[in-house]
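Enquirer: Below are the structure tokens for one structure; questions will follow.
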């Protein structure tokens, strides 16, 4: 047993020597313990104490309770050092040392791990302490807290067992708040709690201080593998092998009168990022009162008025900590009879908006580099910031009409609409079933996390910006309104009510996490206003300077193209021409065209009618992307997609045949059905589409190419620079490309001759079939660019039809760990990625300057963007809304390659 | 012009020096010319002459007519040598030399190229020759032939122009045969033919011998690029760059009286392979009379009676030639006034049956090695031999009832059933539309080949075993009955009639190319009897000794397995367990099982009912394959395939709702439709099937594995050695395999425990998705064998649904040259092959002794078998009927690797 299992707070240097790095120290001592030790090192007032390491926790999982016996001598030695420093003695009624026992893993898991305060109290110590402090009321409040926390945390007694008695007592006495209870009453509560303890556990409350400590430490270790901890780690992607440390720290008391208090604060605003202290405190209270959200707190600034000296020292320390850590800090403090103690510091959790502003401002303040600022913002933060917001006009109407149900704390931004669910299990069930759910609770607890994660939004009637609900919601980017006190949330009746309005479970509500407003029904949402996100825009400009990948957008209409451009897209990676075929005035012409004989004058007549529509579509998109490349994909889906549904026709014909009612319509329906049957395919995904259609019915592609180049030439004449790139989809062998390209370049030449002007253009292909990747060297002979259609490439590589699979087995696969992620969301590097790389390599062997990009949905997924960077692609293309995410992800990939990290 | 463009027959050594090899000599001089030269070298009596090379033909295609002028001096020099040898002079009325001018390409193209006989005749020469021979009748017959052939072949006059006049004259005179015409009448015919010549061409018949020769030689060169030559080469896969030589040879005459004659013969029977001379001859006739099938010939054996000395010399020469060439020869000869001349020898075309017997017997005679014998037989020959034959009982009935329409020459074996088409264009049109066609003609001509190739069978009323129809049919393996003289084939009325029976165009007939019988209607066919094919069995035993690849069969039932074993399969590569689900008594249980709740007792109840059925299926297959491995694939298709059709239910429900007739049935149909809808998939090929189904509904696979191992253990107890290999299909990632294997091995262990006996077994996977090939290293961790399902692998690699594609675009692609072959028939080496090789390589990296095979339809395709050999697979598996083909193809691949050729 040569390993050092216990470290005093002042032994951070020893820990560093063992662990090798600050990250190693955090792994060894846990984040909380490492920071307590670090604060001790830099002279911040921290109550003395020590840490049992995370490695001890892991060892405990292997060996069980006997392991604690083995290391107990070390714990006692550390306790002796702590006693020396405080001049008090653990378990000694004459001069008792009380300690807190807290968990602390490498990564913060708020509320997930367990805490026991006031360890070391028993009847004798309480009596002694009451004599020493002269404050019996404080002592028995502390004692009953120990019994209560020990009971619920260590012995697994439902907390309600204690709280119900307390509530009952207060009602009987007519008290509104805990502070009204007298010393005697607290003593009575303590006695009652011990009875409750015995009734639930069958044993006496342990009076030995050392036994209390040991049981509490063991409870911390055990809680590491408790269900809620495992759930949380699974959700947050934290390894189960890390273990948690146990922090044993001298108790200081914020509940020793009006010159005492306790609070939590962020060094900057965690919602907006503004550089001001942000937090809450309570006078004459213990720390968990603030976090639990049971009592309503005062904003931190007010502390300057109530306890000016302590506040001044506090603000100095927070500035020191932020400079030391070069990160926004989340601190806990207690003032014991005027003396400030720092109980914790850690990097503060924050909203996406705040993350971005803090990163940008810290770079501008010189605290960090711009590269670090970019690395500090996760693509998910940008995603969250660009979440839909409520439509301003609709919201104004609702407000004007008095339809606001309540305004709570704007705890986590974003607009959310969903059905109300009044417990976590139901929220999870409905969420998994695909419903949009708003989870509604008076307050949330760690047990509720599974439901919160499945919800689109969280609404509570109690608790502030640092309540459990708020913290969890911010971390996972879920919109949250907390502490909406006007709402009466009745979990038993499964409804919420306010004034005369009642919202029952399953009814729709809307919450605005950015403003704290709650509305009945579904409020319409709108896209966020990127223009106004100045910090994000700055950050992304920096990102653009670091990235190597280009970012384009997939856009089918001029307004999409304009939006994409405003979001920073440098071109269009995919315009789907067939979307235009579905428009109301065009579809009947499209259908007649389809039903006409291929190659006939009739077919050409209808194509001639479609030409002006397509030309004007392309004119708009090309104009919006002036000076930038625009890839236009020729018609891709099978033609039957444009015809009426086969099922409906079958049913209609069957019906009309029996009734004989409408012979004219029967005749028409039969004729249409016969055409639909001709075009029917067992597996349309693998059918007559893309270039295959182009080869069998070349007139359609010829019309499209004519439309593209007529529009391009017209724009050129108007002085607009255009760069059309014509993309031929679904190619599997190079002959297809050769034949189509020859045919279509003929059309291009013809249009140039007619218009008397030429534009720069390219021909290329969409690579979306495994074979195309394999024979990419041949493809590149006829293609000047490749664009990977990774949606279809994933379907064929996996042999999975996305439409069919997601509901039927794919999500099950992900849930059961058979797949690491849904391959339609996160590009499958092993399989699909192999083919992508093979295609790039082989394609560039034939044509060194081949332009290669990706236009599947993966283009907006950060992990997939990173892959595209590594694979040497030229650009990614994604939906306009995801362009900012792709820009950031591309910068991350490049910075990661350079070894830049966030810190 | 240093190149030698003209070779005398005796200059074969010079040609060899230039061309480097015998194959080179054939390429340079053409097959016919090379053989004439070779016969000259080995002392066979060949009329003197010379050859203008194939390279001259190619040069002519580039330079045109002036090229002939350039080389004409060489031609004249060769002619002077020929004159010296014969003592005659070309164009000299006093002692005239007449020559034939024939084409001769490297590969024989019977009837495709053009021939002109008697070149050198004109009025003066004819008169001179008549004086010299004293046979005016012979001279003017020859002269009119020259005018006629020159007119039709060189000047493109329709041959009917000449023949109509001849027919008219004969009718007027009451003659039945050409031989009845007098000398004066032939002279009159010659004069008339010259008039016809002038009327059609606007010029006089060229009287200059040298001009005749030049025009004829040019016609030969031109005919190389004539439409029918190009069509033939396309069909036979012969390069268009080879060119044809011109053979100029001294004329000898088989029509100089009753001690003259002409004939063709094979050194062995080209239909059966029997070692006897086989051929036809005509006394007092020229060669083309035999080939054209206009006059009915005598069998060659009869020549021994008519002209015993010439016949003796002839048989000696044929033996000499066969030994020299070590191949069955097809020879042409002419006897001029008792003197035998050999005009041609070449490797004889023959039926598949004959090919095999000759190869085996020549090896046994010591003429060739067994390796060569194996290489001489093409997989297509074996395929043809194993073509269906008519059901013997049905045929006997038809014969007994006098339903045989006619018995003609058994010109090319095999049974064919189809609709009668009376011209080549219609036969081609119907054939391409997918109809089975029997092409029916009085006789066939080179112009008809496109229709013949599209037909399932060929029937003529004229011509023998060496007629155009017979030769072409044998070469392409098309069943043919020729010379069925009883049939009146009326091309104008588009019908054939015999006695009172009339078969109109489009009506079905059946022909047996092995017996020459013709039947009305569709005669039932049966599988061939492999047991009786002794030569094939011998050859395949030799092949087995040479091959490295194993050959297994795909078989679902015990009788399939037994047949496969008798065809030489060494195990089962694929048993499809779901086929058993479709059987009448099982399907209702299967449907109830599908509709029950997954994991429910009800589901298990129905699976328990299915268990005995499956167990008995597996018992039978395993028993039939005693001592050999049997791969059993777990259920593969999506479950909705076992339910009623969605379309039909939609129509039925729509109908019943309107009529309100049968509420009970409506309720049932609605319920079933709702279940069918739930299971419906947009792309079932890429849906919930194979291992995905196994994971979502494990009870089905568990039942199947139980059935397999219960059967296996029962057999083991009976003393039968069994080697079951359980195959998990449609895997795309190794976790699927891991999970299923663990689950199913649990069942195996359980069955072993219950039965108290264990059998050797393996678990493996079907590799049929691109991703499975890419992550084959991971797959091999859980798979002891891979079996490539190349049908599905081709579908996903190409992104082509076979069901949809073949009719809609794939066949078009092949026809237009966009694809070299249908990838579902011939494995696509570039794309699918790449993935197969990748999978083998990666799989074996993880597990060196991984067993790898292929069980797609490609397993029976020779080119694909060769690929599998090259890719290092352990075996191929194919349908039982194709096992012999695969055995031969596997031997070819191995012998090819060793450098063994057919000669």
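Residue numbers (this note's numbering), protein chains in the order written: chain A, 53 to 955; chain B, 53 to 955. Here a beta-carbon is modelled for each residue, glycine too, at the ideal position from N, C-alpha and C.
1. Quick check on residue 338 of chain A: does DSSP put it in helix, strand or coil?
2. Taking Cβ to Cβ, would you say residue 428 of chain A is nearer than 7 Å to residue 763 of chain A?
3. Near residue 53 of chain A, which residues of its chain fall below 6 Å by C-beta distance, leaving aside the five closest residues on each side in sequence?
4. Are residue 945 of chain B and residue 918 of chain B touching if we call contact CB-CB under 7 Å?
5. Could you say which of A:732, A:490, A:716 and A:575 lies nearest to residue 547 of chain A if we only look at CA atoms?
6. Please name the residues in the segment 730-749 of chain B whose beta-carbon is closer than 8 Å to at least one beta-carbon of chain A, in chain order.
7. Starting from the C-beta of residue 40 of chain A, find all residues in its chain whose C-beta is less than 6 Å away, skip the five residues before and the five after it, and write them out in chain order.
8. Throw me the rounded Cβ distance for the residue 532 of chain A and residue 565 of chain A pair, which I believe falls under 8 Å.
9. So what does DSSP say about residue 351 of chain B, is it helix, strand or coil?
10. Do you know whose CA, among A:328, A:191 and A:384, lies nearest residue 308 of chain A's CA?
11. In chain order, what residues of the same chain have a beta carbon less than 6 Å from the beta carbon of residue 725 of chain B, not counting five sequence neighbours either side?
12. Starting from the N-terminal side, write out each stretch of the alpha helix (DSSP H) that is 4 residues or longer and does not extend beyond the segment 184-218 of chain A.
13. Can you have a look at residue 477 of chain B and say buried or exposed, based on whether 16 or more other CB atoms are within 10 angstroms of its CB?
14. Can the beta-carbon of residue 103 of chain B be found closer than 7 Å to that of residue 738 of chain A?
15. Is there at least one Cβ from chain A nearer than 7 Å to residue 883 of chain B's Cβ?
16. Quick check on residue 392 of chain B - is its C-beta less than 7 Å from some C-beta in chain A?
17. Buried or exposed: where does residue 249 of chain B fall if 16 or more other Cβ atoms within 10 Å of its Cβ makes it buried?
18. Name the two residues that bound the continuous beta strand (DSSP E) containing residue 572 of chain B.
19. The beta strand (DSSP E) that contains residue 780 of chain B, what's its start and end?
20. Where are the beta strand (DSSP E) runs, 3 residues long or more, that stay fully inside the segment 461-513 of chain A, in chain order?
21. Given this structure, state the Cα-to-Cα distance separating residue 322 of chain A from residue 878 of chain A, to the nearest angstrom.
22. Cα separation between residue 214 of chain A and residue 242 of chain A?
23. Could you say which of A:791, A:212 and A:811 lies nearest to residue 800 of chain A if we only look at CA atoms?
24. Between the segment 350-362 of chain A and the segment 425-440 of chain A, do at least 3 Cβ pairs fall closer than 8 Å?
25. Determine the closest residue to residue 259 of chain A out of A:272, A:173, A:270 and A:267, with distance taken between C-alpha atoms.
26. Can you tell me whether DSSP reads residue 430 of chain B as helix, strand or coil?
27. Give, in chain order, every unbroken run of the alpha helix (DSSP H) that is at least 4 residues long and sits entirely within the segment 395-439 of chain A.
28. Taking C-beta pairs closer than 7 Å, name the residues in chain B that residue 751 of chain A reaches, listed in chain order.
29. By the three-class DSSP mapping on this structure, what secondary structure does residue 953 of chain B have?
30. Which residues does DSSP list as the beta-bridge partners of residue 929 of chain B?
31. What does the Cβ neighbour count give for residue 18 of chain B, buried or exposed, with the cut at 16 atoms within 10 Å?
32. Work out the CA separation of residue 650 of chain B and residue 105 of chain A for me, nearest whole Å.
33. Taking Cβ to Cβ, would you say residue 71 of chain A is nearer than 7 Å to residue 64 of chain A?
34. Near residue 414 of chain B, what residues of its chain come up, given a Cβ to Cβ distance below 6 Å and the 5 sequence neighbours on each side ignored?
35. Do you know how far the Cα of residue 736 of chain A is from the Cα of residue 661 of chain A?
36. Below 8 Å on the Cβ atoms is my guess for residue 686 of chain B versus residue 756 of chain B; work out the distance and round it to an integer in Å.
Expert: By the coordinates alone:
1. The sequence position of residue 338 of chain A within the first chain is 286, counting from 1. Taken through DSSP and simplified to helix, strand or coil, residue 338 of chain A comes out as coil.
2. Here the question's residue 428 of chain A lines up with position 376 in the first chain. Here the question's residue 763 of chain A lines up with position 711 in the first chain. Residue 763 of chain A is positioned such that its CB atom lies no closer than 7 Å to that of residue 428 of chain A.
3. Position 1 of the first chain, counted from the start, is the residue given in the question as residue 53 of chain A. Unreliable positioning characterises residue 53 of chain A in this predicted model, as indicated by a pLDDT of 47, which lies under 50. A coordinate reading is not provided.
4. Numbered from 1 along the second chain, position 893 holds the residue referred to as residue 945 of chain B. Numbered from 1 along the second chain, position 866 holds the residue referred to as residue 918 of chain B. Contact: yes.
5. Here residue 547 of chain A is taken as the residue at index 495 of the first chain, counted from 1. Taking residue 547 of chain A as reference, the option from A:732, A:490, A:716 and A:575 with the minimal CA-CA separation is A:490.
6. Residues of the segment 730-749 of chain B whose Cβ lies closer than 8 Å to any Cβ of chain A, in chain order: 733, 734, 735, 736, 737, 738, 739, 740, 744, 747 and 748.
7. The question about residue 40 of chain A has no answer here: the residues shown for chain A are numbered 53 through 955.
8. For the purposes of this step, residue 532 of chain A is taken as the residue at position 480 of the first chain. For the purposes of this step, residue 565 of chain A is taken as the residue at position 513 of the first chain. The C-beta distance from residue 532 of chain A to residue 565 of chain A rounds to 5 Å, short enough to meet the 8 Å contact threshold.
9. For the purposes of this step, residue 351 of chain B is identified with residue 299 of the second chain, where counting begins at 1. If DSSP states are grouped into helix, strand and coil, residue 351 of chain B belongs with the strands.
10. Within the first chain, the letter at position 256 stands for residue 308 of chain A. For the options A:328, A:191 and A:384, the alpha carbon positioned closest to that of residue 308 of chain A is the one of A:191.
11. Counted from its first residue, the second chain places residue 725 of chain B at position 673. These residues qualify, in order along the chain: 701 and 705.
12. If we require 4 residues or more, the alpha helix (DSSP H) runs fully inside the segment 184-218 of chain A come out as 188-201.
13. For this step, residue 477 of chain B is matched to residue 425 along the second chain. Classification for residue 477 of chain B: exposed.
14. Here residue 103 of chain B refers to the residue found at position 51 of the second chain. Here residue 738 of chain A refers to the residue found at position 686 of the first chain. Residue 103 of chain B places its beta carbon 7 Å or farther from that of residue 738 of chain A.
15. To locate residue 883 of chain B, count along the second chain from 1; it is residue 831. So, interface residue.
16. Along the second chain, one-based indexing puts residue 392 of chain B at 340. With a threshold of 7 Å between beta carbons, residue 392 of chain B makes no contact with chain A.
17. Working through the second chain from its first residue, we reach residue 249 of chain B at position 197. Classification for residue 249 of chain B: buried.
18. For the purposes of this step, residue 572 of chain B is taken as the residue at position 520 of the second chain. DSSP places residue 572 of chain B inside the beta strand (DSSP E), whose first and last residues are 569-572.
19. Your numbering for residue 780 of chain B matches position 728 in the second chain. That run of the beta strand (DSSP E) goes 775-780.
20. Entirely contained in the segment 461-513 of chain A, the beta strand (DSSP E) runs reaching 3 residues are, in chain order, 461-464, 467-473, 489-493 and 509-512.
21. Counting from 1 along the first chain, the entry for residue 322 of chain A is found at position 270. Counting from 1 along the first chain, the entry for residue 878 of chain A is found at position 826. Taking the straight line from one Cα to the other gives about 30 Å.
22. For this step, residue 214 of chain A is matched to residue 162 along the first chain. For this step, residue 242 of chain A is matched to residue 190 along the first chain. In a straight line, the C-alpha of residue 214 of chain A is about 10 Å away from that of residue 242 of chain A.
23. Looking up residue 800 of chain A in the first chain gives position 748. Closest option to residue 800 of chain A, Cα to Cα, is A:811.
24. Verdict: no, contact absent.
25. In the first chain, residue 259 of chain A corresponds to position 207, counting from 1. When only C-alpha atoms are compared, the closest one is A:173.
26. Translated into the one-based positions of the second chain, residue 430 of chain B becomes position 378. Residue 430 of chain B falls in the coil class under three-state DSSP.
27. For the segment 395-439 of chain A, whole alpha helix (DSSP H) runs of length 4 or above, ordered along the chain, are 404-417, 422-428 and 431-437.
28. In the first chain, residue 751 of chain A corresponds to position 699, counting from 1. Simply none; closest approach about 16 Å.
29. Taking the second chain and counting its residues from 1, one reaches residue 953 of chain B at position 901. Correct three-state label for residue 953 of chain B: coil.
30. As a first step, residue 929 of chain B must be located in the second chain, where it is residue number 877. Partner(s): B:604.
31. Given that chain B is displayed from residue 53 to residue 955, the structure contains no residue 18 of chain B and the question cannot be resolved.
32. As a first step, residue 105 of chain A is located in the first chain; it is residue number 53 there, counting from the start. As a first step, residue 650 of chain B is located in the second chain; it is residue number 598 there, counting from the start. The alpha-carbon atoms of residue 105 of chain A and residue 650 of chain B are separated by roughly 48 Å.
33. In the first chain, the residue the question calls residue 71 of chain A occupies position 19. In the first chain, the residue the question calls residue 64 of chain A occupies position 12. Residue 71 of chain A is not a Cβ neighbour of residue 64 of chain A, given a cutoff of 7 Å.
34. To locate residue 414 of chain B, count along the second chain from 1; it is residue 362. 420.
35. Sequence index remark: in the first chain, residue 661 of chain A carries index 609 (1-based). Sequence index remark: in the first chain, residue 736 of chain A carries index 684 (1-based). So the two alpha carbons sit approximately 27 Å from each other.
36. Looking up residue 686 of chain B in the second chain gives position 634. Looking up residue 756 of chain B in the second chain gives position 704. Under the criterion of beta carbons closer than 8 Å, residue 686 of chain B and residue 756 of chain B qualify as touching, at roughly 5 Å.
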